[in-house]
Amino acid sequence: LDEKLRLEYLTTVIPFMAKLALESPSLITQPIPILRRGISGSVTISQHQAASLLAHAFFCTFPSRNTVSNDLPSVNFYRLFSLYSTNAVEKLRCLMHYFHMISKKMPTGLLTIRRQNDVAQKWSSMNLPLSKLYVSHTGTIEDDGHGMLQVDFANEYIGGGVLGSGCVQEEIRFLTCPEMIVSMILCERMHHNEAIVICGAERFSDYNGYGSSFRWRPMEKMDSFPRDRFNRLCCELVAIDALPFYNKHEQFNIDLVNRELLKAYVGFAVNDGTMKPVATGNWGCGVFGGDLHLKSLIQLMASSAQKRCLCYFTFGDLKFAENFTEIYEM
16 LDEKLRLEYL TTVIPFMAKL ALESPSLITQ PIPILRRGIS GSVTISQHQA
66 ASLLAHAFFC TFPSRNTVSN DLPSVNFYRL FSLYSTNAVE KLRCLMHYFH
116 MISKKMPTGL LTIRRQNDVA QKWSSMNLPL SKLYVSHTGT IEDDGHGMLQ
166 VDFANEYIGG GVLGSGCVQE EIRFLTCPEM IVSMILCERM HHNEAIVICG
216 AERFSDYNGY GSSFRWRPME KMDSFPRDRF NRLCCELVAI DALPFYNKHE
266 QFNIDLVNRE LLKAYVGFAV NDGTMKPVAT GNWGCGVFGG DLHLKSLIQL
316 MASSAQKRCL CYFTFGDLKF AENFTEIYEM
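Residue numbers (our numbering): 16 to 345.
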């Protein structure tokens, strides 16, 4: 940090964060609800309330939330503070930039965190046409999926390693939209038939790189999403956790295919009466070892069952983009 910004953080931003945390008794007048496993439900809070909760996480004041316990993820920032890595520094730059921005102007909207579940489907008896498919080797879910249901390649504990050493798709999304971290405070880990939806989280940062090359970057232009009738930004993200496959052949077992189909089907469910396209990509195909062809077809089947179009971003893989399109058009 340059000297001017360092002084502003120390003299203005961190005291503002302390004030935010101290305001929580007047901002949050009821016990913080937990969205439990196996129970559908939602919590709507203001962006101001979200900021207060995140300030508490920064100051590590949530009791018994330093480690994973009782199906809840760790939410205090102590792990992040203890890491000696470039990634940890870049993560803190994202998070401090968020607090810096809201110290100048507190956002006035709402955000909703929703837990949803469903039962297994009889895929062999479904008689539905495939939905429309758009495949691109350029672009990203967050930049080019405006107005769509955007997929978070999640950990079963939502947020994954965002407050630790993880720095891939889910963690990066939570760093650029820190209000999403509130879902980690509220949500127990996901079961096989569950998904978590976050509506209205605002994006405050941009980035370069991925994994160890991740670097914070300021937004050249803040997103200008419209707001819905509940004063939430029209930005909807669904977290679905893929299974890890250390033996790549086992993922073709029909029971495991059905599990992934159910997970995507639940995530792509329509809850607001709209039929937004799904913006997704290589879900579970990184360190989790998922097969590109299998996972893409699973998502196409699930989106078709929910009667949603599918927009698939291959993250620079032109060969697979052409191959997936060719398979679809057969």
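Even for Gly, the Cβ is constructed at its ideal location relative to N, Cα and C.
Three-state secondary structure (DSSP) of residue i
i	result
L35	helix
C300	coil
N262	coil
L20	helix
T340	helix
F77	coil
T44	coil
Q184	helix
C109	helix
N273	helix
E203	coil
F96	helix
Y280	helix
L87	strand
E157	helix
V28	helix
E194	helix
L50	strand
I211	strand
Best match in the options for proximity to residue i [C-alpha to C-alpha]
i	options	result
A70	S100, M32, Q45 and Q62	M32
S55	A210, A65, Y149 and Q64	A210
M316	F283, E341, F330 and G304	F283
R244	S151, D17, H206 and L125	L125
Y261	D306, V197 and N91	D306
V197	I60, S39, I342 and N338	I60
P78	N91, D221, C192 and H112	N91
V302	L95, A72, F96 and P259	P259
T127	N286, S319, Q314 and L35	N286
L50	E203, P292 and L277	E203
H264	D86, L309, F335 and S100	L309
H63	I117, L22, D167 and D158	I117
6 angstroms CB neighbourhood of residue i in its chain, flanking five on each side removed
i	result
F240	L248, C249 and C250
E105	F229, R230 and W231
L148	L325 and Y343
M205	E171 and D256
V212	R129 and V253
Own chain, CB closer than 7 angstroms to residue i, minus 5 neighbours either side, in chain order
i	result
S89	R80, N81, T82, V83 and L178
T155	F328
Same chain, Cβ closer than 8 angstroms to residue i, five either side skipped, listed in chain order
i	result
G176	N170, C182 and E186
I346	Limits of the chain in this structure are 16 at one end and 345 at the other, which puts residue 346 out of reach.
R323	S146, L164, F283, V285, M290, K291, P292 and V293
Beta-bridge partners of residue i, as assigned by DSSP
i	result
T59	T127
I255	F168
F328	S151
V293	L164 and L325
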